[in-house]
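Structure first, then comments.
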Amino acid sequence: MTPPPSRRAFLKTAALLPLAAATGATTRAAVEPIKRVGGPHLKVSCNAYSFAKLLNDHALGRGPGLSLIGLAEFCAKQNFDGFDPTGYYFPGYRDRKIPSDKFVFELRRRAFDLGLGVSGTGVGNNFTVADKAARAKDVDWIKQWCEVAAKLGAPVIRVFADTQMRAQTWETVSNGAKRDEVEQWIADDIRTCAEHAAKFGVIIGVQNHGDFIKTAADLISLIKRVDSPACGAIVDTGYFRAPDVYAEMAKAAPYAVNWQVKQSPFGVEKEAEAPTDLKRLLRIVRASGYRGYLPIETLSPRGGGNYDPFTVVPKFLAELRQAIAETA
Numbered sequence: 011m012t013p014p015p016s017r018r019a020f021l022k023t024a025a026l027l028p029l030a031a032a033t034g035a036t037t038r039a040a041v042e043p044i045k046r047v048g049g050p051h052l053k054v055s056c057n058a059y060s061f062a063k064l065l066n067d068h069a070l071g072r073g074p075g076l077s078l079i080g081l082a083e084f085c086a087k088q089n090f091d092g093f094d095p096t097g098y099y100f101p102g103y104r105d106r107k108i109p110s111d112k113f114v115f116e117l118r119r120r121a122f123d124l125g126l127g128v129s130g131t132g133v134g135n136n137f138t139v140a141d142k143a144a145r146a147k148d149v150d151w152i153k154q155w156c157e158v159a160a161k162l163g164a165p166v167i168r169v170f171a172d173t174q175m176r177a178q179t180w181e182t183v184s185n186g187a188k189r190d191e192v193e194q195w196i197a198d199d200i201r202t203c204a205e206h207a208a209k210f211g212v213i214i215g216v217q218n219h220g221d222f223i224k225t226a227a228d229l230i231s232l233i234k235r236v237d238s239p240a241c242g243a244i245v246d247t248g249y250f251r252a253p254d255v256y257a258e259m260a261k262a263a264p265y266a267v268n269w270q271v272k273q274s275p276f277g278v279e280k281e282a283e284a285p286t287d288l289k290r291l292l293r294i295v296r297a298s299g300y301r302g303y304l305p306i307e308t309l310s311p312r313g314g315g316n317y318d319p320f321t322v323v324p325k326f327l328a329e330l331r332q333a334i335a336e337t338a
């Protein structure tokens, strides 16, 4: 039997704990892959961003477009298991006004009547900027949206850890701060959001979508630094920047609380010449034991182009379903 530690050894260890916490030495090792049981169980969802132009047209009064309830009805007709109503398309979002309970509950009830789950929701934010006041406003907005997510029945809310400003990088918007410093303030902000989210039974999902998180190691490092049971990874299959993007997906998969399945792992410009190997992706997902939604998100070509989500989404859905069936 191992003898108990001496009083001196105990006091020495205790004295080091505050220092370890301050330096992040304990937080990086604390978060482990999600413990799952029962084997993989997969459901397919539709991310609202696939219909971005039509939803924006409706929200901004630029013609009939498509409402969120209209999107839900389309998803039901295509036999999706769920849908992801992104915050961008809710009334008042652009003015950072929370939608009324009436609107949220009507959308939730319609989804229920249609047999659709709400796989998640999301908002925009930029935690790489050096301006603390700007980051604080984004923290407050995410906290408010966590409460909307709870009312909606969405278990996960997507947030970004990357620069969302065109023609900018995390280095420029952080005013040249070192990467470790930027990761620390991103983690602090996300942890604050996660603490609030947990009060409403919601999980903060960190999506790799930009220039700060290029690899699975980047994503996992941040999640470990956040060190919260109310925070996990949203694995975006279209935004890893590494020699083997599928290896990155495999490394991140054990930490996934949700996914974003794209038509190409190399961006919208590569969809025709380098489409996502869906069977390879599904083998990765299954190997992780993931149980939950696989939301698909199709993208319109940059600068316009011929894009009809009513055609593209069903086609990609059929391809994903076939891959799910062939890897079962």
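Position in the sequence shown (from 1) plus 10 gives the number in the working numbering.
We treat Cβ as the ideally placed atom computed from N, Cα and C, and that holds for glycine.
Only a predicted model underlies this, so the values are computations on that prediction, with no experimental measurement involved.
Item                                                                                                                : Value
Validate contact between the stretch 212-222 and the stretch 238-258 using beta carbons, cut 8 Å, 3 pairs           : yes
Test item: CB-CB of residue 247 and residue 286 under 8 Å                                                           : yes
The stretch 275-286 / the stretch 168-181 touching (three or more Cβ pairs under 8 Å)                               : no
Exposed unless 16 or more other CB atoms sit within 10 angstroms - verdict on residue 191                           : exposed
Contact belief for residue 90 with residue 55 at Cβ below 8 Å, rounded distance in angstroms                        : 6 Å
Helix, strand or coil at residue 219 [DSSP, three-state]                                                            : coil
Classification of residue 326 by the beta-carbon crowding that lies within 10 angstroms, buried from 16 upward      : buried
Residue 93 - DSSP class collapsed to helix/strand/coil                                                              : strand
Distance, residue 300 Cα to residue 264 Cα                                                                          : 7 Å
The stretch 166-174 touching the stretch 131-138, judged by at least three CB pairs closer than 8 Å                 : yes
Same chain, Cβ closer than 7 Å to residue 41, neighbours up to 5 away in sequence not counted                       : 233, 234, 237
Residue burial classification, residue 220 (beta-carbon count within 10 angstroms, cutoff 16)                       : buried
Rounded Cβ spacing between residue 153 and residue 114 (contact assumed at less than 8 Å)                           : Incorrect: roughly 16 Å between the Cβ atoms, too far for contact.
Rounded separation between residue 324 and residue 318 - CA only                                                    : 10 Å
Beta strand (DSSP E) runs contained entirely in the stretch 256-282, provided each spans 3 or more residues         : 266-270
Local conformation of residue 301 per DSSP, three classes                                                           : strand
C-alpha distance - residue 159 paired with residue 208, whole-angstrom precision                                    : 12 Å
Member of 144, 197, 128 whose CA lies at the smallest distance from the CA of residue 96                            : 128
First and last residue of the uninterrupted alpha helix (DSSP H) at residue 141                                     : Element bounds for residue 141: n/a, residue is neither H nor E.
Cα-Cα separation, residue 328 to residue 132                                                                        : 25 Å
Burial state of residue 29, where buried means 16 or more other Cβ atoms lie within 10 Å                            : In this predicted model, residue 29 has a pLDDT of only 36, less than 50, meaning its place in the structure is not dependable enough to derive any value.
Within-8 Å CB hit, residue 316 to chain B                                                                           : Chain labels in this structure do not include chain B; a single protein chain is all it has.
At least three beta-carbon pairs within less than 8 Å, the stretch 223-233 to the stretch 247-256                   : yes
Nearest residue (CA-CA) to residue 337, options 48, 47, 45, 52                                                      : 52
Residue 321 classed as buried or exposed, judged by whether at least 16 other C-beta atoms fall within 10 angstroms : exposed
CB contact flag (residue 288, residue 260, <8 Å)                                                                    : no
One or two residues paired with residue 243 in a DSSP bridge                                                        : 216, 266
Cβ neighbours of residue 85 in the same chain (closer than 7 Å, five flanking residues each side left out)          : 56, 93, 126
CB of residue 124 within 8 Å of CB of residue 83, strictly                                                          : yes
Residue burial classification, residue 199 (beta-carbon count within 10 angstroms, cutoff 16)                       : buried
C-alpha gap between residue 291 and residue 305, whole angstroms                                                    : 13 Å
Residue ranges of each beta strand (DSSP E) within the stretch 144-189, 3 or longer                                 : 166-170
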